[in-house]
Amino acid sequence: MSQDVVRVDEAPLFELLTIASLFLVALLGTIIAYQAYRGYRRNGTPSMLYLATGLLLLTLFPFVINVVVTTLTSPGQVVTVFLENVSRLCGLVAIMYSLYGRH
């Protein structure tokens, strides 16, 4: 199993910007999710907990899935994209439930 390793100083600028933007999406999503969780703790409103969970599934988890799957295994791009999309779908469902669900 041969895996190509690209050093950071040899990576094209586009790849570095892509990684940086993915990291920023994960970071900002986590900060907003934390604020929603604080709202849940303060007011005890279940919809805020679903919102926080949805935001994490939508922003942080796809980034973590990408890093973990790419680092630990070599299943191919298709499996990684599938798992990321499942996480995003679950996140959107949780956010929709936080808005329209009966709590």
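Our numbering applies: residue 7 is where the sequence shown begins, and numbers increase by one. Where is the CB? At the ideal position from N, CA and C, for every residue including glycine.
Between leucine 55 and tyrosine 43, the C-beta spacing is below 8 Å.
In this structure, tyrosine 46 lies away from alanine 32, with their beta-carbon atoms at least 8 Å apart.
The alpha-carbon separation between isoleucine 101 and proline 68 amounts to approximately 16 Å.
For valine 74, the closest C-alpha among the options Thr86, Leu98, Gly97, Arg108 is that of Thr86. Between serine 104 and glycine 60, the C-beta gap is smaller than 8 Å, which places the two residues in contact. Uninterrupted alpha helix (DSSP H) stretches at least 4 residues long and entirely within the stretch 39 to 89 occur at 52 to 61, 67 to 78, given in chain order. C-alpha of serine 93 to C-alpha of glutamate 16: approximately 31 Å in a straight line. Exposure of glycine 107 is indicated by the presence of fewer than 16 other C-beta atoms within 10 angstroms of its C-beta.
Its chain contains Ile71 as the residues whose beta carbon lies nearer than 6 Å to that of leucine 89, once the 5 sequence neighbours on both sides are disregarded; these appear in chain order. Taking a 10 Å sphere around the C-beta of leucine 62, we find 16 or more other C-beta atoms and assign the residue as buried.
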